[in-house]
Every structure is written in C-alpha cells, then in structure tokens.
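Below you'll find the structure, written out as structure tokens, and then a few comments.
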Amino acid sequence: MKEKIGAWLPIGVFLCLLAAISAWNLLRPVRVFSENENRTLAQFPKLSTETLLSGDFSENYEKYLADQFPVRDEWISLKTRTELLLGKKDINNVFFGKNGWLIDKYKGTLSEERIQDNLQKLSSFTHDAVDKLGEEHVRVMLVPTASGVLDNRMPAFATDFDQAGMLAQAEELCPEGTFLNLLPVLQSHKEEPIYYRTDHHWTTLGAYYGYEEWAESCGLTPYARDDFSEETVADDFYGTTHSKINLPVYPDSIIRYTPRSPIFYHLTFNLGEWESDSLYDETKLEGKDKYSYFLGGNNPMVEITASSGEPGRRLLIVKDSYSHCFAPFAVNHFEKTTLIDLRYFNLGVKQFMEQEDFTDVLILYSTANFADDRNLNTLVK
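The sequence shown lines up with residues 4 to 384 when you count with the working numbering.
Okay, structure coming up:
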C-alpha cells in the first residue's frame, strides 16, 4: 500500500501544482505589458478549428502560458542563478561579461537568409537614392552592437555573430562612399562608456562618436563635445538586457547633451497626433523604460524643425531606436528632420521621399536589428 502511495505521490503533487497555477491564472488579471521586459505579453490565442489543425493554437498557447506564468520575474531570476551555478557564460541570450557587464548575444537567433535579403533591399534603395539625391547626400550606418566592439568586456572565448563580415558585405553592396563602417571608430573608444551595461543600446557618448563620423562624411562641421553641456538625467536605469536575467547589478546612467548656444526645436509626432518643443520626454524617467526619454520612444514618424538648421535642407532618417539618442545631434544641421520607423510606417519610402522633397537620407540601425528586420520591403516601395 505504501509503495502504491509513493508511486502516485509525485503525480499528485504535480497535478496539485498544475491546478494551483491554473487557478492563479484564472483569478488574476491577464497582464498586457511587462514594464520590466519592456514588451507586450502574449494573450490567450484565438481558438478555432483552423488554429487547432494548423498547430497555431498550441504554439501560441505555450507563449501565453510562459508570458502569464505567476511571479514570472522571480522565476527568471531563479533560472539565471541556477544556470550561473552550472558555469554557463551566457543565459537567455545574455553574456555575463567582465566587471558586471551584461551584453546581448545574437548568435543563433538570426537568419542568414533574412540577412542576405535585407542587404539586397538596402543595396537597391541606396542606389536609387544616390541617383536621385547624389552620393554626398546618402548615408548608411549599421551600428555594431556591444558584442562586436567590447572584446575587453566579453567573457573569455565568447563569440557572437559575425558583425564585421556583415558590415563588410553591406559596404560592398552600397554605392561607393555611402556606407560608414563605425566598427573601427567605436573600437577605438571601447574603454569609454559608449554602450550601456544593462541595455542593448549605445549611450549618448557612443552616438556622439557616430554623429562625428557621419557629419564629416556629409561635408558638415560637427559640433564639438565642448559645444554641449552634459547632464545626468537618470542614474537608476536598468535596460532590456537586464530584464532577461533579472539579477541585481549596478544601474546605468542616462546622459543628455544640450547645446550651449540656444537652439529652438519643434516636434510633430505621427502627423499631428501630438506636438512638443523638446527632444526629450521627462515623464519617461519615472518608469522602467527610461531610454524612451529620447524623442519619447518608438513612434511611426517624428518631424523635427531646428532654428539652427540650414534653410532648405531636409533629412530623412530611416531608423530603429539607435537613432533616438543620435538625432539630437543631427537635427541641428537641418531645417527639418523626419524619422520613420518601418515597423509602424505603411507608406513606401520611395513614394514618401518624392512627396516630401528630402535633400538627404540616412539609414540608421543597429546591426542586429537590421539583420532581423522583417519590414524592409517598405524601403523599396
């Protein structure tokens, strides 16, 4: 009898645990957004004959359970601690670097087929743009991520996807003179805080070094660092990289560069959805996603005028979020700067350029985001 009870005990415990988790999920509100992870969480999938037969329901239900799991953040932390004890160098696609650095890992998550397809779309767009605007007015910057630059911070023998190879290929496919390879520039500053320790973005300083290279290549005179006052606006920033492992580490600081000579700005978001006279959204510093302080975070379109800009010169930036701390430098040279995010922008970029009569265009992405972007069809429409 005791043997029978012993055999059924683990099953009973498992069923009780499963019932408790199910009851928890039924009683508590379904979470829509995780502030800690800065992303929308999976919701209960649509149930139909079609989704059941295709397997979409079971696949999406697994994602729903994972995202809505009780005390999810605490489980992430426990999982991380356990795997660290087992000696893993990277957990949940995060390298545990030297001196408390958390560095995103992309190797194994990117499709070579998509990379090649995106490079071809980039090549097609830049050749057409050069024909329309001239070589000196078209630039491409695919910014390497921290894993491709900070070899001094990476764990011993750790490697990530071949960013140098992708950059070389992009340079070969783009018209001569249009591609800016920032890898050697950023590597020369790797001892400086050019990336966040807990987030996947470059810092304002890293963006400044990128801005210098870009401005000089366009025949513009870049503002010197001394032309800006530097202010720490937050010293408690934990980025998305930290959210993947949820362990206590030192937070990052966010620094703002403000021109010492007054420049007046006006920003229009999403064709008039709202307007502002500041490049920064102070309210974002009160929440988790403090990087959205720059330009208010992700928007389909932001139009910026600057009192210091050259009359008649209009810049289009096709971008990801790496542009958000870069734009406050670039906009000072143009009468109007327009930033578009292809994830939310439905109009074809070629058509948009013809409508708006831009004089200059910049493609600005991180290498990882460009490699994984599924929206570049819009670039060649």
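All C-beta atoms, glycine included, are put in the ideal place defined by N, C-alpha and C.
In chain order, what residues of the same chain have a beta carbon less than 7 angstroms from the beta carbon of residue 197, not counting five sequence neighbours either side?
-> As a first step, residue 197 is located in the sequence shown; it is residue number 194 there, counting from the start. 189, 205, 206, 208, 209, 212.
Quick one: using the 10 Å Cβ neighbour count with 16 as the cut-off for buried, is residue 116 buried or exposed?
-> Mapped onto the sequence shown, residue 116 falls at position 113. That one is exposed.
For residue 192, collect the residues of the same chain with a Cβ closer than 7 angstroms to its Cβ; drop the 5 residues on either side in sequence, then sort them by chain order.
-> For the purposes of this step, residue 192 is identified with residue 189 of the sequence shown, where counting begins at 1. Cβ neighbours of residue 192 beyond the five flanking positions: 212.
Please name the residue or residues paired with residue 317 in a DSSP beta bridge.
-> Taking the first residue of the sequence shown as position 1, residue 317 is located at position 314. The partner list for residue 317 (beta bridge, DSSP) reads 339.
Assign residue 287 to buried or exposed, taking buried as 16 or more other Cβ atoms, counted over all protein chains shown, within 10 Å of its Cβ.
-> Mapped onto the sequence shown, residue 287 falls at position 284. Result: buried.
What does residue 269 pair with, by DSSP beta-bridge criteria?
-> For this step, residue 269 is matched to residue 266 along the sequence shown. In the DSSP output, where bridge partners are listed per residue, residue 269 has 308.
If you pair each beta-carbon of the segment 93-113 with each one of the segment 326-336, do three or more pairs fall below 8 angstroms?
-> In short, these stretches do not touch, since the Cβ pair count stays below three.
Length of the line joining the Cα atoms of residue 179 and residue 138 = If you number the sequence shown from 1, residue 179 lands on position 176. If you number the sequence shown from 1, residue 138 lands on position 135. Cα-Cα distance, rounded: 8 angstroms.
Extent of the continuous beta strand (DSSP E) run through residue 262 = Numbered from 1 along the sequence shown, position 259 holds the residue referred to as residue 262. Counting along the chain, the beta strand (DSSP E) containing residue 262 begins and ends at 255-262.
For the segment 105-148, which segments carrying the alpha helix (DSSP H) assignment without a break, of at least 4 residues, lie completely within its bounds, in sequence order?
-> Counting only runs of at least 4 residues, the segment 105-148 fully encloses the following alpha helix (DSSP H) elements, listed from N- to C-terminal order: 115-136.
Residue 106 versus residue 323 - alpha carbon distance = Here residue 106 refers to the residue found at position 103 when the sequence shown is read from its first residue. Here residue 323 refers to the residue found at position 320 when the sequence shown is read from its first residue. Distance between the alpha carbons of residue 106 and residue 323 is about 19 angstroms.
For residue 367, does the three-state DSSP call read helix, strand or coil?
-> Indexing the sequence shown from 1 puts residue 367 at position 364. Strand, per DSSP.
Nearest-angstrom Cα separation, counted from residue 234 out to residue 261 = As a first step, residue 261 is located in the sequence shown; it is residue number 258 there, counting from the start. As a first step, residue 234 is located in the sequence shown; it is residue number 231 there, counting from the start. For the pair residue 261 and residue 234, the Cα-to-Cα distance works out to about 8 angstroms.
9 angstroms Cβ cutoff met for residue 145 and residue 185 | Start at 1 with the first residue of the sequence shown, and residue 145 comes out as number 142. Start at 1 with the first residue of the sequence shown, and residue 185 comes out as number 182. In this structure, residue 185 lies closer than 9 angstroms to residue 145 by Cβ.
Report yes or no: is there a C-beta of chain C within less than 9 angstroms of the C-beta of residue 361?
-> In the displayed structure, chain C is absent; only one protein chain is listed.
Start and end of the alpha helix (DSSP H) containing residue 218?
-> The residue given as residue 218 occupies position 215 in the sequence shown. Counting along the chain, the alpha helix (DSSP H) containing residue 218 begins and ends at 207-220.
Quick one: residues in its chain with C-beta nearer than 6 angstroms to the C-beta of residue 134, no 5 flanking neighbours on either side, listed in chain order?
-> Here residue 134 refers to the residue found at position 131 of the sequence shown. Excluding residues within five positions, none has a Cβ falling inside 6 angstroms.
Residue 279 lies in the beta strand (DSSP E); which residues open and close that run?
-> By one-based count along the sequence shown, residue 279 stands at place 276. Looking at the DSSP string, the run of the beta strand (DSSP E) that includes residue 279 is 277-279.
Under the three-state DSSP convention, the category residue 355 falls into = Position 352 of the sequence shown, counting from 1, holds the residue named residue 355. The DSSP-derived three-state label of residue 355 is helix.
How about residue 294 and residue 240: are their beta carbons less than 9 angstroms apart?
-> Position 291 of the sequence shown, counting from 1, holds the residue named residue 294. Position 237 of the sequence shown, counting from 1, holds the residue named residue 240. Taking 9 angstroms as the Cβ cut-off, residue 294 and residue 240 qualify as a contacting pair.
Please confirm whether residue 98 and residue 161 have their CB atoms less than 9 angstroms apart.
-> Position 95 of the sequence shown holds residue 98. Position 158 of the sequence shown holds residue 161. In contact: residue 98 and residue 161 (Cβ atoms closer than 9 angstroms).
Excluding sequence positions up to five away, which residues of its chain have a Cβ less than 7 angstroms from the Cβ of residue 61?
-> Locating residue 61 in the sequence shown gives position 58, where the first residue counts as 1. Residues of the same chain with a CB within less than 7 angstroms of the CB of residue 61, apart from the 5 flanking positions on each side, do not exist.
Under the three-state DSSP convention, the category residue 237 falls into | Position 234 of the sequence shown, counted from the start, is the residue given in the question as residue 237. DSSP, reduced to helix, strand and coil, places residue 237 within a strand of the structure shown.
DSSP beta-bridge partners of residue 198 | Locating residue 198 in the sequence shown gives position 195, where the first residue counts as 1. For residue 198, DSSP records a beta bridge to 205.
Please report how far the alpha carbon of residue 103 lies from the alpha carbon of residue 310, in whole angstroms.
-> Counted from its first residue, the sequence shown places residue 103 at position 100. Counted from its first residue, the sequence shown places residue 310 at position 307. Between the C-alpha atoms of residue 103 and residue 310 there is a straight-line separation of about 42 angstroms.
Keeping to the same chain, check which residues put their C-beta closer than 8 angstroms to that of residue 152; ignore five residues upstream and five downstream.
-> Residue 152 sits at position 149 when you count from the first residue of the sequence shown. Cβ neighbours of residue 152 within its own chain (closer than 8 angstroms, five residues either side excluded): 186, 189, 190, 193, 197, 198.
What number of angstroms, rounded off, separates the C-alpha of residue 182 from the C-alpha of residue 118?
-> Residue numbering aside, residue 182 sits at position 179 when the sequence shown is read from its first letter. Residue numbering aside, residue 118 sits at position 115 when the sequence shown is read from its first letter. Residue 182 and residue 118 have their C-alpha atoms spaced approximately 17 angstroms apart.
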